[in-house]
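For what it's worth, my numbering labels the leading residue of the sequence shown as 63, then goes sequentially.
Glycine included, C-beta positions come from ideal geometry on N, C-alpha and C.
Structure first, commentary second.
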Amino acid sequence: MADEMKKLMDSVSVVKKGQKVSGEVFKIEEDVIFVTLDSNQEARMYKNHYGKQIDSFIGEVNVGDRIDAVVSKVEETPEASFILLDRKNIVRLENLEKLEHVYRNEEIVEVRVSRIAEKGLHIKVLGFDGFLPYGLLDKELIDKKEELKGKTLKAHIIEVKGGRRVTASRKKIFLQKRAEEQAERQRLREEEFESIKTGDVLTGRVEKIEKHMALIRFNHVAGRLRISQIQYGRLDKIEDVLEKGQEVEVKVIKKDRGLDLSIKELLPTPFELFQENHKKGDKVIGEIVQKLPFGIIVELQESIRGLLHKSEFSWNPNDNFQSYVKIGDKIETVITLIDPKKNKISLSRRLLLDNPWKNVSFKKGETVEAKVLSVNENGLVVESKGVEGFIPIGELRVERTDNPKDFFSEGDKVTAKVIDVNPKQWHLRLSIRQQLVDATKENYKQFLTEDVEKTTLGDLFDDVLTPVEEKPKKKVKKETVEEVIEETSNEVIDEQIAEEVEE
63 MADEMKKLMD SVSVVKKGQK VSGEVFKIEE DVIFVTLDSN QEARMYKNHY
113 GKQIDSFIGE VNVGDRIDAV VSKVEETPEA SFILLDRKNI VRLENLEKLE
163 HVYRNEEIVE VRVSRIAEKG LHIKVLGFDG FLPYGLLDKE LIDKKEELKG
213 KTLKAHIIEV KGGRRVTASR KKIFLQKRAE EQAERQRLRE EEFESIKTGD
263 VLTGRVEKIE KHMALIRFNH VAGRLRISQI QYGRLDKIED VLEKGQEVEV
313 KVIKKDRGLD LSIKELLPTP FELFQENHKK GDKVIGEIVQ KLPFGIIVEL
363 QESIRGLLHK SEFSWNPNDN FQSYVKIGDK IETVITLIDP KKNKISLSRR
413 LLLDNPWKNV SFKKGETVEA KVLSVNENGL VVESKGVEGF IPIGELRVER
463 TDNPKDFFSE GDKVTAKVID VNPKQWHLRL SIRQQLVDAT KENYKQFLTE
513 DVEKTTLGDL FDDVLTPVEE KPKKKVKKET VEEVIEETSN EVIDEQIAEE
563 VEE
């Protein structure tokens, strides 16, 4: 019996503090595990000496697990030995080996953010303190760095100095991630771009606004919306009609290496809108924007212009409107044509005016009454029967060297003879002189006629005929008198007219 006890005592090796030992877990509690050492001694380990932070041994360690540890305390009593184990230093050495292995092989390791500093993140990696500078961190993470405390990140270890200095980096990770994301975006973009055709109508959002264009984003593709394709008419600032983030419907009008878009192509044209609200015969007011040899261009609305041909300006074919019509003048007209195929609008002003020649007739040679409208060095502008006419200075009762203003004033009434008329050209030429000549001739003829009718042939040839009382009296025929007057008095009449005209 004594020999057996001695053998048992010899088989039990005495462990010492600081000695590295191994054993097998035979019992587990929440805060402590019990281990049978290879030396057949019983030891225990509390969770704060396990080497990593845990909430409980249950679920972390199983019965039968092998444990390597260091003896942290030994108490000998007559009844038994009390041995405490610690794994922290072992775990630290193991982790240092792992850390150096990760560093040498440029492997990715998980790090936990413990503190947010001014120049970077303080981290824990395999139980060691480390640092991750902002310059080696993703921009997206830097923007929300205050949310990272306690979070786990993946990183590369780029420096290890005996476990005292560990530096981490995410540069390779985020560069690779960025490249992968870019490649994926490119793939999606190419797929979407291939699916879009010229003429397609798409819905997108305004992503960016520049001075002369807006960028419209679809899913993975963006297109150019130039300022000229936003609306009909002038647009000074895109921001007046679009804002960032606004949803818009656009039409693809060109596809090469990019997309050219248009909102304008989906809108009714100004001409179509004008046509919906106007028809032939409507009165419209517009602004004169251009004068041409053949007429006037009138802007009726923004981007809507019509032609007022010179023949439609006035009933007067001689109206020189170019001399007094000015750019910017407002003018009222009537629509005479709307041609949607040619986007053409024709206008007329004369249809709004009365044609004074419409119900007026003149005969060449007739005598008319006229009112003097104006007097100039070339003659008189007069009005007769509601239309204008002209009496040249040579057809007045004055010498050509005289000034007509010395003899006539505006408002004077005159009697004149029509010497030339053309209603289509609004041409009426009158003569006071010829009217006076005709009137004097007529008066003189009347005088001669009346004088001859009262005289017999006996009175005319008293010295050669039988006395009157012996011969019956005969009246001279009217035709004979006319012939006599015509043959014998032309010279006298002309002289008399000349005298009266000179007076």
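Legend entry - Where Tyr108 falls: helix, strand or coil (DSSP): Tyr108 falls in the strand class under three-state DSSP.
Legend entry - Cα-Cα separation between Phe383 and Gly473, rounded to whole angstroms: Put simply, the backbone Cα of Phe383 is about 26 Å away from that of Gly473.
Inset, instruction - Can you grab the Cα-Cα spacing for the pair Lys82 / Val153, in whole Å? - result: Straight through space, the alpha carbons of Val153 and Lys82 are spaced by roughly 12 Å.
Inset, instruction - Take the Cβ of Gly192 as the centre, count every other Cβ of all protein chains shown within 10 Å, and call the residue buried at 16 or more, exposed below. - result: Around the Cβ of Gly192, a 10 Å sphere holds 16 or more other Cβ atoms; the residue is buried.
Inset, instruction - Can you grab the Cα-Cα spacing for the pair Lys223 / His163, in whole Å? - result: Distance between the alpha carbons of Lys223 and His163: 13 Å.
Inset, instruction - Let me know if Lys326 comes out buried or exposed under the rule of 16 or more other beta-carbons within 10 Å of its beta-carbon. - result: Buried.
Legend entry - Val173, buried or exposed, once every other Cβ within 10 Å from all chains shown has been counted against 16: Val173 counts as buried, since no fewer than 16 other beta carbons sit within 10 angstroms of its beta carbon.
Inset, instruction - Rounded to whole angstroms, what's the CA-CA distance from Ile407 to Ile315? Just pull it up for me. - result: Answer to the nearest angstrom: the Cα atoms are 28 Å apart.
Legend entry - Cβ pair Val125, Phe88 closer than 8 Å: Less than 8 Å separates the beta-carbon of Val125 from that of Phe88.
Inset, instruction - Could you pull the start and end residues of the alpha helix (DSSP H) that Val173 belongs to? - result: No alpha helix (DSSP H) contains Val173, which is instead part of the beta strand (DSSP E) from Ile170 to Ile178.
Inset, instruction - For Gly348, count neighbouring C-beta atoms within 10 Å of its own C-beta (all shown protein chains included) and say buried if the count is 16 or more, exposed if not. - result: Around the beta carbon of Gly348, a 10 Å sphere encloses 16 or more other beta carbons of the protein chains shown; the residue is thus reported as buried.
Inset, instruction - Determine which residues share a DSSP beta bridge with Pro485 and list them. - result: Pro485 is not bridged to any residue.
Inset, instruction - Go ahead and label Pro466 buried or exposed: buried means 16 or more other beta carbons lie within 10 angstroms of its beta carbon, across all protein chains shown. - result: Burial of Pro466 is indicated by the presence of at least 16 other C-beta atoms within 10 angstroms of its C-beta.
Legend entry - Unbroken beta strand (DSSP E) run spanning Leu393, endpoints: Note that residue 393 is Ile in the sequence shown here, rather than Leu. Run containing Ile393: Lys392 to Asp401, per the beta strand (DSSP E) assignment.
Inset, instruction - Pull up the distance between the alpha-carbon of Gln337 and that of Arg279, whole angstroms please. - result: The alpha-carbon of Gln337 is positioned some 35 Å away from that of Arg279.
Legend entry - Paired residues, beta bridge with His184 - DSSP: Paired residues: Arg177 and Phe193.
Legend entry - Terminal residues of the alpha helix (DSSP H) in which Gln103 lies: From DSSP, Gln103 is part of no alpha helix (DSSP H); its letter is neither H nor E.
Inset, instruction - Report buried or exposed for Lys479, applying the criterion of at least 16 other Cβ atoms within 10 angstroms of its Cβ. - result: It counts as buried.
Legend entry - Three-state secondary structure assigned by DSSP to Val123: In the structure shown, Val123 sits in a strand (DSSP, three-state: E or B).
Legend entry - Residue burial classification, Lys79 (beta-carbon count within 10 angstroms, cutoff 16): The residue is exposed, with fewer than 16 neighbouring Cβ atoms inside 10 Å.
Inset, instruction - Buried or exposed for Ile129, please, with buried defined as at least 16 other CB atoms from any protein chain shown within 10 angstroms of its CB. - result: Result: buried.
Inset, instruction - Buried or exposed for Thr214, please, with buried defined as at least 16 other CB atoms from any protein chain shown within 10 angstroms of its CB. - result: Thr214 should be labelled exposed.
Legend entry - contact_flag[the region 422–430, the region 395–404] where n(CB pairs < 8 Å) is 3 or more: They do not touch, by the three-pair rule.
Legend entry - Exposure of Thr139, with buried meaning 16 or more beta-carbon neighbours within 10 Å: By the beta-carbon neighbour count (other beta carbons within 10 angstroms, threshold 16), Thr139 is exposed.
Legend entry - Helix, strand or coil at Thr214 [DSSP, three-state]: Note: Thr214 maps to strand in three-state DSSP.
Legend entry - Residue ranges of each beta strand (DSSP E) within the region 332–365, 3 or longer: You should have 345–354 and 357–363.
Inset, instruction - Apply the 10 Å Cβ neighbour rule to His274 and answer buried if 16 or more other Cβ atoms are within range, or exposed otherwise. - result: Result: exposed.
Legend entry - Leu414 and Glu394 closer than 8 Å at C-beta: A Cβ-Cβ contact shorter than 8 Å links Leu414 with Glu394.
Inset, instruction - Quick one: using the 10 Å Cβ neighbour count with 16 as the cut-off for buried, is Ile170 buried or exposed? - result: Answer is exposed; the Cβ neighbour count stays below 16.
Legend entry - Cβ-based neighbour list, Glu208, same chain, cut-off 8 Å, excluding 5 preceding and 5 following: Excluding residues within five positions, the ones whose Cβ falls inside 8 Å are Ile178.
Legend entry - For Leu415, the three-state DSSP class (helix, strand or coil): For Leu415, the three-state secondary structure derived from DSSP is coil.
Legend entry - beta strand (DSSP E) segment containing Asp148, residue limits: Looking at the DSSP string, the run of the beta strand (DSSP E) that includes Asp148 is Ser143 to Asp148.
Legend entry - Val268 to Ser365 span [Cα, whole Å]: For Val268 and Ser365, the distance between alpha carbons rounds to 27 Å.
Legend entry - Burial state of Ser257 (16 or more Cβ within 10 Å): Its Cβ having fewer than 16 others within 10 Å, Ser257 is exposed.
Inset, instruction - Thinking Ile494 and Ile453 are a contact (beta carbons under 8 Å), I'd like their distance in whole angstroms, please. - result: Rounded, the Cβ-Cβ distance is 6 Å, consistent with contact.
Inset, instruction - Label Val76 either buried or exposed according to how many other C-beta atoms from any shown protein chain fall within 10 Å of its C-beta, with 16 as the threshold for buried. - result: With fewer than 16 Cβ atoms within 10 Å of its Cβ, Val76 is classed as exposed.
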